[in-house]
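Taking it in order: structure first as C-alpha coordinates, then the write-up.
In this note's numbering, the protein residues as written are 324 to 727.
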(Lines of atoms letter the chains of each structure in order from A and count residues from 1; the text may use other names and numbers.)
(Lines give C-alpha, C1' and ligand atoms only; values in the text may rest on other atoms or scores of the structure.)
Protein backbone atom coordinates (compact mmCIF):
# COMPACT_ATOMS: atom_id res chain seq x y z
CA UNK A 1 0.00 0.00 0.00
CA UNK A 2 1.50 3.28 -1.06
CA UNK A 3 0.47 6.17 1.11
CA UNK A 4 1.54 9.77 0.81
CA UNK A 5 3.36 10.50 4.05
CA UNK A 6 2.57 14.21 4.06
CA UNK A 7 -1.18 13.64 4.41
CA UNK A 8 -1.38 13.68 8.20
CA UNK A 9 0.13 17.12 8.85
CA UNK A 10 -2.51 18.85 6.68
CA UNK A 11 -5.70 17.75 8.43
CA UNK A 12 -7.25 20.98 9.69
CA UNK A 13 -10.93 21.04 8.84
CA UNK A 14 -13.79 21.30 11.31
CA UNK A 15 -12.34 23.84 13.72
CA UNK A 16 -10.80 25.87 10.91
CA UNK A 17 -14.12 26.26 9.16
CA UNK A 18 -16.03 27.10 12.32
CA UNK A 19 -13.50 29.78 13.30
CA UNK A 20 -13.17 31.12 9.77
CA UNK A 21 -16.94 31.64 9.48
CA UNK A 22 -17.67 32.60 13.08
CA UNK A 23 -18.93 36.03 14.09
CA UNK A 24 -15.93 38.06 15.19
CA UNK A 25 -15.71 39.81 18.58
CA UNK A 26 -14.83 43.46 18.93
CA UNK A 27 -11.42 44.54 17.59
CA UNK A 28 -8.51 44.37 20.02
CA UNK A 29 -6.39 46.80 18.07
CA UNK A 30 -6.99 49.59 15.56
CA UNK A 31 -4.40 51.24 13.33
CA UNK A 32 -4.23 54.91 12.48
CA UNK A 33 -6.44 54.09 9.50
CA UNK A 34 -9.94 53.98 10.98
CA UNK A 35 -10.95 51.49 8.27
CA UNK A 36 -8.61 48.76 9.59
CA UNK A 37 -9.69 46.39 12.38
CA UNK A 38 -7.58 43.65 13.99
CA UNK A 39 -9.19 40.71 15.81
CA UNK A 40 -7.73 38.02 18.05
CA UNK A 41 -9.21 34.84 19.48
CA UNK A 42 -8.12 31.56 21.07
CA UNK A 43 -9.54 28.21 22.10
CA UNK A 44 -8.20 25.84 24.74
CA UNK A 45 -9.67 22.42 23.95
CA UNK A 46 -9.15 19.20 25.92
CA UNK A 47 -10.20 15.86 24.43
CA UNK A 48 -10.33 12.53 26.27
CA UNK A 49 -10.62 9.38 24.17
CA UNK A 50 -11.05 5.73 25.14
CA UNK A 51 -11.38 2.74 22.83
CA UNK A 52 -11.24 -1.02 23.48
CA UNK A 53 -9.89 -1.31 19.92
CA UNK A 54 -6.54 -0.01 18.68
CA UNK A 55 -7.12 3.31 16.86
CA UNK A 56 -4.96 5.07 14.31
CA UNK A 57 -3.18 7.39 14.62
CA UNK A 58 -4.28 7.87 18.24
CA UNK A 59 -3.51 10.94 20.32
CA UNK A 60 -7.20 11.83 20.39
CA UNK A 61 -7.83 11.53 16.64
CA UNK A 62 -9.21 8.20 15.48
CA UNK A 63 -9.48 7.87 11.71
CA UNK A 64 -9.68 4.09 11.56
CA UNK A 65 -8.92 0.97 13.57
CA UNK A 66 -5.67 -0.90 13.19
CA UNK A 67 -5.76 -4.62 12.31
CA UNK A 68 -6.25 -7.06 15.15
CA UNK A 69 -3.08 -8.61 16.45
CA UNK A 70 -2.09 -11.48 18.73
CA UNK A 71 -1.36 -9.40 21.82
CA UNK A 72 -4.93 -9.70 23.13
CA UNK A 73 -4.74 -6.11 24.48
CA UNK A 74 -5.98 -3.34 22.22
CA UNK A 75 -7.31 -0.74 24.68
CA UNK A 76 -6.24 2.86 23.98
CA UNK A 77 -6.66 5.96 26.15
CA UNK A 78 -5.62 9.54 25.33
CA UNK A 79 -5.89 12.96 26.93
CA UNK A 80 -4.74 15.73 24.63
CA UNK A 81 -5.09 19.46 24.07
CA UNK A 82 -3.62 19.42 20.56
CA UNK A 83 -6.79 20.90 19.04
CA UNK A 84 -6.26 24.17 20.92
CA UNK A 85 -5.74 27.09 18.58
CA UNK A 86 -5.10 30.79 18.01
CA UNK A 87 -6.49 33.00 15.28
CA UNK A 88 -5.97 36.54 14.05
CA UNK A 89 -8.12 38.40 11.54
CA UNK A 90 -7.78 41.79 9.86
CA UNK A 91 -10.44 43.68 7.87
CA UNK A 92 -9.93 46.88 5.88
CA UNK A 93 -9.14 49.24 4.42
CA UNK A 94 -11.23 49.64 1.25
CA UNK A 95 -9.48 49.85 -2.11
CA UNK A 96 -11.72 50.83 -4.97
CA UNK A 97 -14.87 48.79 -4.54
CA UNK A 98 -13.18 46.04 -2.48
CA UNK A 99 -12.51 45.52 1.22
CA UNK A 100 -9.11 44.02 2.02
CA UNK A 101 -8.63 41.43 4.73
CA UNK A 102 -6.62 38.50 5.99
CA UNK A 103 -6.73 35.60 8.43
CA UNK A 104 -4.23 33.48 10.36
CA UNK A 105 -5.31 30.28 12.12
CA UNK A 106 -2.71 28.30 14.09
CA UNK A 107 -3.05 24.94 15.85
CA UNK A 108 -0.95 24.34 18.93
CA UNK A 109 0.38 21.01 17.69
CA UNK A 110 3.35 19.63 15.83
CA UNK A 111 1.55 17.21 13.55
CA UNK A 112 -1.46 14.93 13.69
CA UNK A 113 0.50 11.79 14.59
CA UNK A 114 2.69 13.27 17.34
CA UNK A 115 1.84 13.89 21.01
CA UNK A 116 4.30 16.78 21.18
CA UNK A 117 3.25 20.40 20.77
CA UNK A 118 4.31 23.12 18.38
CA UNK A 119 2.78 25.70 16.04
CA UNK A 120 1.04 24.39 12.94
CA UNK A 121 -0.50 27.00 10.61
CA UNK A 122 -3.84 25.95 9.11
CA UNK A 123 -5.13 29.13 7.46
CA UNK A 124 -2.91 31.92 6.16
CA UNK A 125 -4.51 34.04 3.47
CA UNK A 126 -5.26 37.55 2.21
CA UNK A 127 -8.41 38.58 0.39
CA UNK A 128 -10.22 41.38 -1.42
CA UNK A 129 -14.00 41.16 -1.60
CA UNK A 130 -17.25 42.97 -2.23
CA UNK A 131 -20.88 41.96 -2.73
CA UNK A 132 -20.13 40.19 -6.04
CA UNK A 133 -16.52 39.00 -5.92
CA UNK A 134 -13.90 37.59 -3.58
CA UNK A 135 -10.26 37.17 -4.63
CA UNK A 136 -7.87 35.44 -2.22
CA UNK A 137 -4.36 34.01 -2.04
CA UNK A 138 -2.70 31.84 0.60
CA UNK A 139 -3.40 28.67 2.57
CA UNK A 140 -7.14 27.88 2.62
CA UNK A 141 -9.45 24.89 2.96
CA UNK A 142 -10.25 22.83 -0.13
CA UNK A 143 -12.84 24.00 -2.63
CA UNK A 144 -13.53 20.34 -3.41
CA UNK A 145 -16.11 18.67 -1.10
CA UNK A 146 -16.51 21.50 1.41
CA UNK A 147 -19.22 20.27 3.80
CA UNK A 148 -18.32 18.70 7.16
CA UNK A 149 -20.25 17.12 10.04
CA UNK A 150 -20.03 18.68 13.51
CA UNK A 151 -18.02 16.23 15.65
CA UNK A 152 -16.28 17.13 18.90
CA UNK A 153 -12.89 16.09 17.50
CA UNK A 154 -12.27 18.89 15.02
CA UNK A 155 -9.48 16.96 13.28
CA UNK A 156 -11.56 13.90 12.43
CA UNK A 157 -14.93 14.97 10.97
CA UNK A 158 -15.36 11.57 9.22
CA UNK A 159 -12.12 11.99 7.26
CA UNK A 160 -11.17 8.60 5.72
CA UNK A 161 -14.79 7.55 6.37
CA UNK A 162 -16.63 9.23 3.51
CA UNK A 163 -15.85 12.91 4.10
CA UNK A 164 -13.32 13.98 1.49
CA UNK A 165 -11.82 17.46 1.19
CA UNK A 166 -11.50 19.88 4.14
CA UNK A 167 -7.73 19.74 4.33
CA UNK A 168 -5.87 22.99 3.61
CA UNK A 169 -3.35 23.97 0.95
CA UNK A 170 -2.00 26.99 -0.89
CA UNK A 171 -4.48 28.50 -3.33
CA UNK A 172 -5.08 31.32 -5.80
CA UNK A 173 -8.86 31.56 -5.62
CA UNK A 174 -11.80 33.52 -7.06
CA UNK A 175 -15.42 33.43 -5.81
CA UNK A 176 -18.33 34.95 -7.73
CA UNK A 177 -21.59 35.67 -5.87
CA UNK A 178 -24.76 35.84 -7.96
CA UNK A 179 -28.02 36.94 -6.37
CA UNK A 180 -31.18 35.08 -7.37
CA UNK A 181 -33.42 37.60 -5.61
CA UNK A 182 -35.82 36.09 -3.13
CA UNK A 183 -34.95 32.62 -4.43
CA UNK A 184 -31.45 32.62 -2.95
CA UNK A 185 -27.80 32.96 -3.95
CA UNK A 186 -25.40 31.15 -6.29
CA UNK A 187 -21.65 30.95 -5.57
CA UNK A 188 -19.16 29.89 -8.23
CA UNK A 189 -15.59 29.17 -7.03
CA UNK A 190 -12.47 28.41 -9.02
CA UNK A 191 -9.01 27.80 -7.52
CA UNK A 192 -5.50 26.92 -8.63
CA UNK A 193 -4.24 24.83 -5.71
CA UNK A 194 -0.96 23.43 -4.46
CA UNK A 195 -0.54 19.88 -5.82
CA UNK A 196 0.96 17.06 -3.80
CA UNK A 197 3.87 18.08 -1.57
CA UNK A 198 7.25 16.76 -2.67
CA UNK A 199 8.49 13.66 -0.82
CA UNK A 200 11.91 12.04 -1.11
CA UNK A 201 12.78 8.79 0.62
CA UNK A 202 15.94 8.77 2.73
CA UNK A 203 17.78 6.65 0.14
CA UNK A 204 16.27 8.58 -2.83
CA UNK A 205 14.88 5.32 -4.24
CA UNK A 206 11.20 6.23 -4.05
CA UNK A 207 10.12 9.85 -4.56
CA UNK A 208 6.97 11.88 -5.17
CA UNK A 209 6.85 15.38 -6.61
CA UNK A 210 4.49 17.72 -8.40
CA UNK A 211 4.72 18.18 -12.17
CA UNK A 212 5.05 21.94 -12.16
CA UNK A 213 1.35 22.70 -12.63
CA UNK A 214 -1.32 23.38 -9.97
CA UNK A 215 -4.38 21.29 -9.23
CA UNK A 216 -7.67 22.79 -10.41
CA UNK A 217 -10.56 22.88 -7.95
CA UNK A 218 -14.06 24.20 -8.62
CA UNK A 219 -17.50 24.33 -7.04
CA UNK A 220 -21.01 25.57 -7.83
CA UNK A 221 -23.28 26.16 -4.82
CA UNK A 222 -26.91 27.26 -4.44
CA UNK A 223 -28.39 28.53 -1.15
CA UNK A 224 -31.97 29.48 -0.36
CA UNK A 225 -34.02 30.25 2.75
CA UNK A 226 -31.57 32.15 4.96
CA UNK A 227 -32.88 32.80 8.49
CA UNK A 228 -30.61 34.58 11.02
CA UNK A 229 -32.90 33.40 13.84
CA UNK A 230 -32.47 29.69 13.01
CA UNK A 231 -30.36 27.64 15.40
CA UNK A 232 -29.21 25.15 12.74
CA UNK A 233 -26.23 26.87 11.04
CA UNK A 234 -27.28 26.50 7.40
CA UNK A 235 -30.05 27.66 5.07
CA UNK A 236 -33.37 25.92 4.46
CA UNK A 237 -31.90 24.41 1.27
CA UNK A 238 -28.32 24.16 0.05
CA UNK A 239 -26.89 22.11 -2.81
CA UNK A 240 -23.45 22.05 -4.39
CA UNK A 241 -21.30 20.16 -6.87
CA UNK A 242 -17.51 20.33 -6.89
CA UNK A 243 -14.46 18.73 -8.41
CA UNK A 244 -10.69 18.51 -8.44
CA UNK A 245 -8.26 17.55 -11.22
CA UNK A 246 -4.50 17.31 -11.21
CA UNK A 247 -1.54 14.99 -11.42
CA UNK A 248 1.90 14.39 -9.94
CA UNK A 249 4.88 12.16 -10.61
CA UNK A 250 6.44 9.24 -8.78
CA UNK A 251 9.96 8.34 -9.81
CA UNK A 252 12.12 5.50 -8.55
CA UNK A 253 15.88 5.12 -8.57
CA UNK A 254 18.29 2.23 -8.26
CA UNK A 255 21.90 2.52 -7.18
CA UNK A 256 24.96 1.36 -9.06
CA UNK A 257 27.87 2.14 -6.80
CA UNK A 258 27.37 5.81 -5.92
CA UNK A 259 25.33 6.54 -9.07
CA UNK A 260 21.55 6.71 -9.04
CA UNK A 261 19.97 5.09 -12.09
CA UNK A 262 16.39 6.05 -12.87
CA UNK A 263 14.06 3.05 -13.16
CA UNK A 264 11.03 4.92 -14.50
CA UNK A 265 8.52 7.66 -13.90
CA UNK A 266 4.81 7.13 -13.20
CA UNK A 267 2.31 9.97 -13.48
CA UNK A 268 -0.81 9.33 -11.34
CA UNK A 269 -3.87 11.41 -12.19
CA UNK A 270 -5.87 12.95 -9.33
CA UNK A 271 -9.63 13.11 -10.05
CA UNK A 272 -12.59 13.77 -7.80
CA UNK A 273 -16.26 14.78 -8.00
CA UNK A 274 -18.58 15.53 -5.09
CA UNK A 275 -22.23 16.37 -4.51
CA UNK A 276 -23.42 18.02 -1.29
CA UNK A 277 -26.76 19.03 0.25
CA UNK A 278 -28.30 20.53 3.37
CA UNK A 279 -31.92 20.86 4.51
CA UNK A 280 -33.33 22.75 7.48
CA UNK A 281 -36.85 22.40 8.93
CA UNK A 282 -37.82 25.31 11.16
CA UNK A 283 -34.99 26.47 13.36
CA UNK A 284 -34.23 23.27 15.33
CA UNK A 285 -33.73 20.39 12.88
CA UNK A 286 -31.44 19.94 9.91
CA UNK A 287 -29.99 17.26 7.64
CA UNK A 288 -26.82 17.45 5.58
CA UNK A 289 -24.56 15.11 3.66
CA UNK A 290 -22.11 14.50 0.86
CA UNK A 291 -21.10 11.87 -1.69
CA UNK A 292 -17.84 11.71 -3.63
CA UNK A 293 -16.08 9.49 -6.14
CA UNK A 294 -12.63 9.65 -7.66
CA UNK A 295 -9.10 8.28 -7.72
CA UNK A 296 -5.77 8.96 -5.98
CA UNK A 297 -7.57 11.18 -3.45
CA UNK A 298 -5.52 10.26 -0.38
CA UNK A 299 -4.16 13.80 -0.29
CA UNK A 300 -7.78 15.03 -0.14
CA UNK A 301 -8.84 12.73 2.72
CA UNK A 302 -10.49 10.25 0.34
CA UNK A 303 -9.58 6.65 -0.55
CA UNK A 304 -8.96 6.00 3.19
CA UNK A 305 -5.78 8.10 2.74
CA UNK A 306 -4.45 5.85 -0.07
CA UNK A 307 -3.25 7.18 -3.40
CA UNK A 308 -1.52 4.56 -5.57
CA UNK A 309 -0.54 0.90 -5.43
CA UNK A 310 1.97 -1.44 -7.03
CA UNK A 311 5.20 -0.99 -8.95
CA UNK A 312 3.39 1.03 -11.64
CA UNK A 313 1.62 3.25 -9.07
CA UNK A 314 -1.89 2.55 -10.28
CA UNK A 315 -4.42 5.03 -8.86
CA UNK A 316 -6.67 3.73 -6.07
CA UNK A 317 -10.31 4.39 -7.00
CA UNK A 318 -12.85 4.99 -4.25
CA UNK A 319 -16.36 6.15 -3.42
CA UNK A 320 -17.61 7.53 -0.12
CA UNK A 321 -20.56 9.28 1.44
CA UNK A 322 -21.84 10.58 4.76
CA UNK A 323 -25.05 11.97 6.22
CA UNK A 324 -25.74 13.82 9.47
CA UNK A 325 -28.86 14.90 11.35
CA UNK A 326 -28.77 17.91 13.69
CA UNK A 327 -31.25 18.52 16.51
CA UNK A 328 -31.08 21.67 18.67
CA UNK A 329 -32.86 21.06 21.97
CA UNK A 330 -32.11 24.66 22.90
CA UNK A 331 -30.05 27.35 21.21
CA UNK A 332 -27.03 26.25 23.25
CA UNK A 333 -27.70 22.49 23.39
CA UNK A 334 -27.47 20.27 20.31
CA UNK A 335 -27.09 16.65 19.26
CA UNK A 336 -25.63 15.27 16.02
CA UNK A 337 -26.13 11.74 14.70
CA UNK A 338 -24.40 10.56 11.55
CA UNK A 339 -22.85 7.84 9.44
CA UNK A 340 -19.99 7.86 6.95
CA UNK A 341 -18.31 5.20 4.83
CA UNK A 342 -15.44 5.02 2.37
CA UNK A 343 -14.75 2.05 0.07
CA UNK A 344 -11.90 1.40 -2.34
CA UNK A 345 -11.81 -0.84 -5.40
CA UNK A 346 -10.37 -4.19 -4.29
CA UNK A 347 -8.65 -4.79 -7.63
CA UNK A 348 -6.72 -1.52 -7.21
CA UNK A 349 -5.24 -2.58 -3.87
CA UNK A 350 -3.20 -5.43 -5.37
CA UNK A 351 -3.44 -7.75 -2.39
CA UNK A 352 -3.07 -5.34 0.53
CA UNK A 353 -4.45 -2.14 2.02
CA UNK A 354 -7.64 -0.57 3.37
CA UNK A 355 -10.72 -1.94 1.64
CA UNK A 356 -13.41 0.00 3.56
CA UNK A 357 -13.80 2.19 6.61
CA UNK A 358 -17.05 3.34 8.21
CA UNK A 359 -18.15 5.26 11.31
CA UNK A 360 -21.46 5.71 13.10
CA UNK A 361 -21.48 8.57 15.62
CA UNK A 362 -23.72 10.42 18.03
CA UNK A 363 -22.91 13.35 20.30
CA UNK A 364 -24.23 16.01 22.65
CA UNK A 365 -22.65 19.49 22.69
CA UNK A 366 -23.57 22.00 25.38
CA UNK A 367 -22.46 25.62 25.10
CA UNK A 368 -22.78 26.69 28.72
CA UNK A 369 -22.00 30.26 27.67
CA UNK A 370 -20.02 31.96 24.90
CA UNK A 371 -16.75 30.83 26.48
CA UNK A 372 -17.29 27.34 27.93
CA UNK A 373 -18.50 24.22 26.06
CA UNK A 374 -18.81 20.56 27.02
CA UNK A 375 -19.31 17.59 24.73
CA UNK A 376 -19.59 13.81 24.71
CA UNK A 377 -19.48 11.54 21.65
CA UNK A 378 -19.76 7.82 20.95
CA UNK A 379 -18.66 6.21 17.69
CA UNK A 380 -18.73 2.71 16.27
CA UNK A 381 -15.99 2.07 13.71
CA UNK A 382 -15.45 -0.77 11.26
CA UNK A 383 -12.24 -1.05 9.25
CA UNK A 384 -11.79 -3.82 6.69
CA UNK A 385 -8.48 -4.82 5.14
CA UNK A 386 -7.21 -6.87 2.22
CA UNK A 387 -4.90 -9.59 3.50
CA UNK A 388 -5.15 -8.57 7.19
CA UNK A 389 -7.64 -9.05 10.00
CA UNK A 390 -10.60 -6.65 10.09
CA UNK A 391 -11.36 -4.63 13.21
CA UNK A 392 -14.48 -2.99 14.64
CA UNK A 393 -15.49 -1.49 17.95
CA UNK A 394 -16.60 1.50 20.01
CA UNK A 395 -14.78 4.74 20.83
CA UNK A 396 -15.83 7.22 23.53
CA UNK A 397 -14.75 10.87 23.62
CA UNK A 398 -15.32 13.78 26.01
CA UNK A 399 -14.53 17.45 25.39
CA UNK A 400 -14.02 20.57 27.49
CA UNK A 401 -13.48 23.79 25.54
CA UNK A 402 -12.77 27.35 26.67
CA UNK A 403 -12.83 30.12 24.07
CA UNK A 404 -12.04 33.80 24.27
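Using N, Cα and C, we set each Cβ at its ideal position, and we do this for glycine too.
In this structure, residue 568 keeps its C-beta atom at 8 Å or more from the C-beta atom of residue 584.
Annotation: residue 561 to residue 710 spans about 41 Å, alpha carbon to alpha carbon. The criterion of a C-beta distance shorter than 8 Å is satisfied by residue 496 and residue 512. For residue 548, the three-state secondary structure derived from DSSP is coil. A direct Cα-Cα distance of roughly 4 Å separates residue 521 from residue 532.
Inclusion of residue 609 and residue 603 in the CB contact set at 8 Å is warranted, their separation being smaller than that value. Rounded to whole angstroms, the Cβ separation of residue 660 and residue 633 is 39 Å, and the two are not in contact under 8 Å.
Assignment of residue 585 by DSSP, reduced to helix, strand and coil, places it in the strand class. Residue 591 is not a Cβ neighbour of residue 550, given a cutoff of 8 Å. Within the same chain, Cβ atoms closer than 6 Å to the Cβ of residue 411 are found at 363, 427, the five residues on either side in sequence being excluded.
Put simply, the backbone Cα of residue 575 is about 6 Å away from that of residue 587. Here residue 358 is not near residue 425, since their CB atoms are 8 Å or more apart. Under the three-state reduction of DSSP output, residue 708 falls in the strand class. In this structure the stretch 649-658 does not touch the stretch 364-379; the number of beta carbon pairs closer than 8 Å is below three. Using a Cβ distance threshold of 8 Å, residue 679 and residue 665 count as a contacting pair. The Cβ-Cβ distance between residue 500 and residue 544 does not fall below 8 Å. Taking the Cβ atoms as the reference, residue 718 lies roughly 7 Å from residue 378, within the contact range of under 8 Å.
Check the Cα spacing between residue 643 and each of 368, 624, 724, 614: the tightest is with 614. Here residue 401 carries a strand assignment [DSSP, helix/strand/coil]. For residue 491, the closest of 648, 481, 516, 475 by C-alpha to C-alpha distance is 516.
Shown here, residue 358 sits in coil according to DSSP, grouped into three states, outside any helix or strand. In terms of Cβ geometry, residue 677 and residue 708 form a close pair [threshold 8 Å].
The alpha-carbon of residue 653 is positioned some 13 Å away from that of residue 692. For the set 372, 385, 408, the Cα lying nearest the Cα of residue 726 is the one of 408.
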